[in-house]
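The structure appears below as structure tokens.
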Amino acid sequence: MAEVVIFHSALGRRPGVFDAARRLRDQGHTVHTPDLYEGVSFDGGPGGYDAGVLRMEEIGWTTIVDRAWSCVEELPGELVYLGFSMGAGIAQELAIHRPGARGAVLIGGGGAYDDEPWPLGVPVDAHHMVDDPWVDEFAPVRLARLAARAGSCSSVYLYPGDQHLFTDPDLPEEYDHGLTELVWRRVMRFLIRLEAGYIPSRG
Numbered sequence: 001m002a003e004v005v006i007f008h009s010a011l012g013r014r015p016g017v018f019d020a021a022r023r024l025r026d027q028g029h030t031v032h033t034p035d036l037y038e039g040v041s042f043d044g045g046p047g048g049y050d051a052g053v054l055r056m057e058e059i060g061w062t063t064i065v066d067r068a069w070s071c072v073e074e075l076p077g078e079l080v081y082l083g084f085s086m087g088a089g090i091a092q093e094l095a096i097h098r099p100g101a102r103g104a105v106l107i108g109g110g111g112a113y114d115d116e117p118w119p120l121g122v123p124v125d126a127h128h129m130v131d132d133p134w135v136d137e138f139a140p141v142r143l144a145r146l147a148a149r150a151g152s153c154s155s156v157y158l159y160p161g162d163q164h165l166f167t168d169p170d171l172p173e174e175y176d177h178g179l180t181e182l183v184w185r186r187v188m189r190f191l192i193r194l195e196a197g198y199i200p201s202r203g
């Protein structure tokens with residue numbers, strides 16, 4: 001089975017992260033959920049997002065990424081990186097730059113903003129609502145095209161709606177049960193195909 005690292009959003013390591021980890025562990029995968037905010041987390045809604053983004057800015061993106069690298073330092077190289085929102089950017093960073101990555105799943109974030117090449121043999125799936133105000137609608141598609149041109153399998157899944165962390169059951173104003181189940185069916189299928197070798201991977 002796969003070994004997966006889940007990176008949280010700018011709201012911190014919330015219950016939704018543990019729900020995601022539970023789903024993966026129930027299927028036999030090994031899961032790590034590093035806390036890049038050192039115990040601090042925030043609720044959703046405009047106030048929560050503002051506070052979370054402020055926390056991210058106070059820590060600084062470089063420090064957050066350094067913390068992520070430190071969290072995986074003792075782990076094997078052959079990892080799948082999964083991230084929500086801010087965490088999707090971190091998952092993308094490690095999938096590109098840490099040797100041995102097996103794949104990346106980006107939920108509500110990530111995407112290509114420059115021409116940084118995607119590595120060969122690292123499949124990537126991106127998931128977000130079509131009108132999510134926090135997602136640049138062109139960035140995930142651009143990333144998928146860069147990955148495919150590099151010889152890596154890539155998919156972008158769009159869901160109806162305008163919510164951001166819609167897979168987090170602890171955020172009732174955003175949560176969509178039906179679409180969450182669909183996201184996780186697709187994530188599980190991604191991991192099954194990866195393990196079976198149906199998705200070419202360098203891992």
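According to the UniProt record's numbering, the sequence shown is numbered sequentially starting from 1.
Yeah, the Cβ is synthetic: ideal placement off N, Cα and C, and Gly gets one too.
Nothing here was measured: the structure is a model prediction, and the numbers come from that model.
Spell out a yes or no on whether the stretch 53–61 and the stretch 19–30 are touching, meaning 3 or more CB-CB pairs, one atom from each, closer than 8 Å. With the rule of 3 Cβ pairs closer than 8 Å, the stretch 53–61 does not count as touching the stretch 19–30.
Give the single residue among 73, 75, 46, 36 whose Cα lies nearest to the Cα of residue 58. Position 58 of the sequence shown, counted from the start, is the residue given in the question as residue 58. Checked all of 73, 75, 46, 36; the closest Cα to residue 58 is 36.
CB-CB length for residue 129 against residue 10, believed under 8 Å: Residue numbering aside, residue 129 sits at position 129 when the sequence shown is read from its first letter. Residue numbering aside, residue 10 sits at position 10 when the sequence shown is read from its first letter. In fact, because the Cβ distance is near 17 Å, the residues do not count as touching under 8 Å.
So, residue 3 versus residue 79, is the Cβ gap smaller than 8 Å? Reading the sequence shown from its first residue, position 3 is the one you call residue 3. Reading the sequence shown from its first residue, position 79 is the one you call residue 79. Contact check for residue 3 against residue 79 passes: the beta carbons are separated by less than 8 Å.
Using a threshold of 8 Å, state whether the C-beta atoms of residue 134 and residue 97 are closer than that. In the sequence shown, the residue the question calls residue 134 occupies position 134. In the sequence shown, the residue the question calls residue 97 occupies position 97. Against a cut-off of 8 Å, the Cβ pair of residue 97 and residue 134 comes out as no contact.
Let me know the secondary structure DSSP gives residue 171 once reduced to three states. Position 171 of the sequence shown, counted from the start, is the residue given in the question as residue 171. It is coil, neither helix nor strand.
Bridge partner(s) assigned by DSSP for residue 158: Taking the first residue of the sequence shown as 1, we reach residue 158 at position 158. According to DSSP, which records beta bridges pairwise, residue 158 is partnered with 128.
To which residues of the same chain is residue 69 closer than 8 Å at the C-beta, ignoring the five residues directly before and after it? Along the sequence shown, one-based indexing puts residue 69 at 69. The answer, listed in chain order, is 94, 98.
If you draw a straight line from the alpha carbon of residue 76 to that of residue 5, how long is it in whole angstroms? Translated into positions along the sequence shown, residue 76 becomes position 76. Translated into positions along the sequence shown, residue 5 becomes position 5. Linking residue 76 to residue 5 through their CA atoms gives a straight-line distance of about 11 Å.
I'd like to know whether the C-beta atoms of residue 81 and residue 112 end up nearer to each other than 8 Å. In the sequence shown, residue 81 corresponds to position 81, counting from 1. In the sequence shown, residue 112 corresponds to position 112, counting from 1. Against a cut-off of 8 Å, the Cβ pair of residue 112 and residue 81 comes out as no contact.
Which of helix, strand or coil DSSP assigns to residue 5: As a first step, residue 5 is located in the sequence shown; it is residue number 5 there, counting from the start. Three-state DSSP puts residue 5 in a strand.
Could you pull out every residue in the same chain whose Cβ sits closer than 7 Å to the Cβ of residue 187, ignoring the five residues on either side in sequence? Sequence index remark: in the sequence shown, residue 187 carries index 187 (1-based). 105.
Would you call residue 196 buried or exposed, if buried means 16 or more other Cβ atoms sit within 10 Å of its Cβ? Locating residue 196 in the sequence shown gives position 196, counting from the first residue. Per the 10 Å Cβ criterion, exposed.
Among all the DSSP beta bridges, which residues are the ones paired with residue 120? As a first step, residue 120 must be located in the sequence shown, where it is residue number 120. DSSP, once it has assigned bridges, lists no residue as partnering residue 120.
Using DSSP with H/G/I as helix, E/B as strand and the rest coil, what is residue 18? Taking the first residue of the sequence shown as position 1, residue 18 is located at position 18. Annotated three-state conformation of residue 18 is helix, per DSSP.
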